[in-house]
Structure formats: C-alpha cells, structure tokens
Amino acid sequence: VAIIDTHCHLDFHVFDEDREAVLARALAAGVERILNPGIDLVSSRLVVHLAQRYPQVFAAVGVHPNEAMSWEANTYSRLKALATENKVVAIGEIGLDYYRERALQAVQKEAFQAQLDLATEMGLPVIVHNREASTDLLAMLIEWQAELKTAGSSLAERPGVLHSFSADLETARQAIAIGFKIGFTGPVTFRNAQDLQQTAAALPVDCLLTETDAPFLTPHPHRGRRNEPAFVQFVLEKLAALHHLPAARMQETISANAASLFHW
Ligand SMILES: [Zn+2]
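Going by the working numbering, the first residue of the sequence shown is number 1272, and it counts up by one from there.
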C-alpha cells in the first residue's frame, strides 16, 4: 500500500532545480501518489503537464482564493478545457481566505461558486482552502452538496476535501456530515498544536487524508526547511499515533480514503 500526499505544489519554482530528486526521495520513502493542485491558470497548465510526465503525479485545476482577482469571464472555459485532460482528478485548490484577503470577499465568493459549478459540470470533487472563513465556506458547500444530491449526482457522496485543516472540530463535523474528507498537513505534528491534534484524534479515520502542502508547512522534525512529499510520512505517523493505530493500518485507511475520493 502506498503512502499518499494528496496536496503538494510541485509546479512551484522552488522545485525547478531539483524536482526529479524530490520525486525520487518521495518514491524512496514509499510515497507513490502525489496530487498537485493548481493555484491559477498558469499553474493549472503546469500541473497537467507534470501529471502527464510523471506516473505518480495526479493533477487538480483551479484558481486559489488568493488569486481570485485573476478570475475573468473566460477563466471558467479555460479551466474546463484543462479539467478534461488525462489524470485531472479534482477541481482545486479553491475556497475562501479571509486571513490574507488578497481579493475582496465578494470576489473570492464569485470565483469559488463558479468553480463549484465547474466541479458539478465535470463530475469532479473539490480541494478546498479555508482560512478564517468557515461560516461562509460551509454555507456555500452545504448548499452545493444539497444541489448535487437533488440532481442525483454521485458527486454528492464524494464532494471533496477540506485541505490543510486548521478550523475547529465543529467545522470538521459539519463538513464530514456532507461527505467531505479532512486533510492534515505539517502543523498537526507541531508540539504546540494540541487543539488541532485533539480535532484530528476526534474525527473518524475514514475521513482522514495526509498532505504536505509542500513547499509550505514542513512537519516536525524538519520544520524550518522546505517541505517535500517524502515528509508526508511524519503527518501519517502523527495521525496514526493520535488514533492509537499502527502506521501501516493508518496508511491503508488513508490510501482507501484517497481512492474513494479521487477515483484513482
Ligand atoms: Zn495548497
């Protein structure tokens, strides 16, 4: 069974010098599946190419809330064309970021809603970024998932993942109630992250996913260095410990969770 990193930005320039070596280290660490979401149109094109080039890399296409000001009238159709490419398994990363708020909240919501509609049209789950926007974000996801259900879409059973989860337990529970998975990254390994660890421990194991969000959010004990997919094992080990399970068992569960969400 493979270790899986369902969120990594391999397309970023910070990997230009040694991308092959990063992928080789990931394989050596047992990381056999990496999902690379786009953050804008340019990045979405790059991740589609990376997925075509490397067997273990899969892609998601989308416009990140911090890039929402780049959303234009033709962005939808361009993303849609990319979403039909081989190995594109999700729309993402999309969502709301009221912490950085690089785009007005109304602009972020418009881009987010348009991409939820794109996910419906393409029959693909969503990879959701949420920073301090849980109320608005949940309201939009609950309404979207209800529409999927009404339309009889099978996507209602696998709508997506709340990636790099940093909100509270109640937010996680509401998302799980409508079929979402919850992705954890490096911060769950930090010594001062008791709240996040309690949340991860309280969630059912069949909703958990392991992510790096590399190059960001490097887990303990490599905190301070550039993150990379090989380090997802530290997130996996932490989630296993929090659930009092052997790492191999948690690895099997998470591998199955990812397969049921992304259909790979
Ligand atoms: Zn990300």
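Virtual Cβ for every residue (Gly too), placed ideally from N, Cα, C.
{"Asked": "Reference M1340; option with closest CA among L1312, Q1323 and V1359", "Found": "L1312"}
{"Asked": "D1484 Cβ short of 6 angstroms to ligand 1 heavy atom set", "Found": "yes"}
{"Asked": "E1364 beta carbon near ligand 1 (any heavy atom closer than 6 angstroms)", "Found": "yes"}
{"Asked": "Paired residues, beta bridge with H1400 - DSSP", "Found": "G1366"}
{"Asked": "P1544 vs V1506 beta-carbon contact at 7 angstroms", "Found": "Since the first residue shown for the chain is 1272 and the last is 1535, residue 1544 is missing from the structure and cannot be characterised."}
{"Asked": "C-beta atoms of L1321 and L1281 nearer than 7 angstroms", "Found": "yes"}
{"Asked": "Residue nearest to E1392 in terms of C-alpha spacing, selected from K1380, I1413, A1374 and T1355", "Found": "T1355"}
{"Asked": "Buried or exposed (CB count within 10 angstroms, at least 16 for buried), Q1469", "Found": "exposed"}
{"Asked": "Contact under 7 angstroms by Cβ, P1396 with G1366", "Found": "no"}
{"Asked": "Cβ pair P1500, A1297 closer than 7 angstroms", "Found": "yes"}
{"Asked": "For A1511, the nearest candidate out of I1525, F1502 and V1272 (CA to CA)", "Found": "I1525"}
{"Asked": "Nearest-angstrom Cβ-Cβ length linking Q1522 and V1272, presumed shorter than 8 angstroms", "Found": "6 angstroms"}
{"Asked": "Sequence ranges, alpha helix (DSSP H) only - wholly within the segment 1413 to 1471, length at least 4", "Found": "1440 to 1448"}
{"Asked": "Residues bridged to R1304 [DSSP beta-bridge criterion]", "Found": "I1275"}
{"Asked": "Run of the beta strand (DSSP E) containing F1329, from where it starts to where it stops", "Found": "V1328 to V1332"}
{"Asked": "Local Cβ density within 10 Å of A1443, reported as buried at 16 or more and exposed below that", "Found": "buried"}
{"Asked": "Residues that DSSP places opposite T1259 in a beta bridge", "Found": "Since the displayed the chain opens at 1272 and closes at 1535, residue 1259 lies outside it and no answer follows."}
{"Asked": "Close-in-space but distant-in-sequence residues of the same chain around Y1369 (CB under 7 angstroms, 5 per side omitted)", "Found": "Q1376, R1402, E1403 and A1404"}
{"Asked": "For L1387, the first and last residue of its enclosing alpha helix (DSSP H)", "Found": "Q1376 to M1393"}
{"Asked": "Straight-line gap, Q1384 to V1399 (C-alpha atoms, nearest Å)", "Found": "12 angstroms"}
{"Asked": "Alpha-carbon spacing of A1472 relative to H1514, whole angstroms", "Found": "6 angstroms"}
{"Asked": "Boundaries of the alpha helix (DSSP H) in which S1314 is found, first to last residue", "Found": "L1312 to R1324"}
{"Asked": "Local Cβ density within 10 Å of A1415, reported as buried at 16 or more and exposed below that", "Found": "The question names Ala, yet the displayed sequence has Trp at residue 1415. W1415 is buried by the Cβ-count criterion."}
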